[in-house]
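Visitor:
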Amino acid sequence: MRLQDLLADIHALEETTLTFERKYGVRSETFYAAYISGEEPEDDSWVLDFSEWASVYQTWLSRQAEYRNEVQRVQQDKPGLMALIRVAA
Numbered sequence: 005m006r007l008q009d010l011l012a013d014i015h016a017l018e019e020t021t022l023t024f025e026r027k028y029g030v031r032s033e034t035f036y037a038a039y040i041s042g043e044e045p046e047d048d049s050w051v052l053d054f055s056e057w058a059s060v061y062q063t064w065l066s067r068q069a070e071y072r073n074e075v076q077r078v079q080q081d082k083p084g085l086m087a088l089i090r091v092a093a
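Residue numbers (the working numbering): 5 to 93.
#1: Check whether the stretch 12-22 and the stretch 60-68 touch, using three or more Cβ-Cβ pairs below 8 Å as the test.
#2: Does the stretch 47-61 come within contact of the stretch 69-76, defined as at least 3 CB pairs closer than 8 Å?
#3: Are residue 60 and residue 34 closer than 9 Å when you measure CB to CB?
#4: Tell me the rounded alpha-carbon separation between residue 74 and residue 7.
#5: Using the C-alpha atoms, what's the distance from residue 5 back to residue 25?
#6: Is residue 79 closer than 9 Å to residue 92 when the C-beta atoms are compared?
#7: Could you check the C-alpha separation between residue 31 and residue 46 for me, to the nearest Å?
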């Protein structure tokens, strides 16, 4: 995946996580840590939101890692910010 595509995915995923964070008043990393440790939603109507939120956050983590790896790969061949911008643009 190209840097520009990864960045677009990251931004879209962040918009979704922000929606959940505003709705439930908790940052995604806090929610996700509780969710993967097995905490259940206290309200049954939250179950679908929680599973979507966890999935979106997990995908966001994956895209962040892909982005970092791609940046490192590009900068091995062409170090510097300007080279990175040229590749990403």
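Ideal placement from N, C-alpha and C gives every residue a C-beta, glycine not left out.
Guide: With the structure as the only source:
#1: The stretch 60-68 and the stretch 12-22 touch, with three or more beta-carbon pairs separated by less than 8 Å.
#2: Too few Cβ pairs lie closer than 8 Å, so no.
#3: no
#4: Straight-line Cα distance between these residues: approximately 7 Å.
#5: 28 Å
#6: no
#7: 18 Å
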